[in-house]
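Numbering (the working numbering), first residue to last: 9 to 191.
C-beta: ideal position from N, C-alpha, C; glycine also.
Working notes for the structure below.
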């Protein structure tokens with residue numbers, strides 16, 4: 009497969025069950041690059057995506073690729089459904105963008121932490137670096153059960169890793185805002 013100068017880096021051992029936390033999420037290209045990267049190393053990940061993308065005929069392609077539609081308008085138990093999937097399968101990888109949007113958002117969604125904790129699977133921290141053309145599955149993070157502390161640790165990781173979104177101005181962990189507002 010031609011990768012057009014992109015490098016797919018995997019710094020973790022094979023992990024049959026995990027939640028991949030991917031950031032920064034600033035472009036629709038993230039999905040394409042993530043798919044190419046995961047498939048280049050033989051990994052097929054399911055992914056959560058806004059249900060608005062699941063329209064005819066695109067919905068058939070997205071579902072075939074592993075898409076799981078998520079409704080923001082209706083209260084659905086997506087977290088419980090994904091936890092249930094983990095209990096029924098020997099192998100399952102689910103990729104999640106905790107920002108939940110391609111826009112600047114310091115308030116990351118916590119569902120991936122609850123899923124990993126309840127399903128008793130690790131979180132793989134992955135990132136994009138568009139400047140260096142790298143997609144990296146970098147570290148394994150085991151949830152502690154303290155969602156606030158885990159989110160803080162994960163946000164600190166993304167503040168200090170070598171990530172760079174396609175549109176860097178659309179990415180924040182919110183940690184710098186929290187620090188400046190408490191001063």
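Excluding residues up to 5 positions away in sequence, 29, 31, 116, 117, 120 lie with their Cβ nearer than 7 angstroms to the Cβ of residue 106 in the same chain. Residue 112 and residue 166 have their alpha carbons spaced roughly 14 angstroms apart. The secondary-structure analysis by DSSP pairs residue 56 across a beta bridge with 76. Per the C-alpha coordinates, the member of 130, 47, 164 positioned closest to residue 151 is 130. Counting C-beta atoms within 10 angstroms of its own C-beta, residue 125 has 16 or more neighbours from the protein chains shown and is therefore classed as buried. Within its own chain, the residues whose Cβ lies closer than 7 angstroms to the Cβ of residue 51, once the five positions on either side in sequence are excluded, are 101, listed in chain order. In the structure shown, the three-state DSSP call for residue 138 is coil. Comparing alpha-carbon positions, the option among 142, 157, 177 lying closest to residue 19 turns out to be 142.
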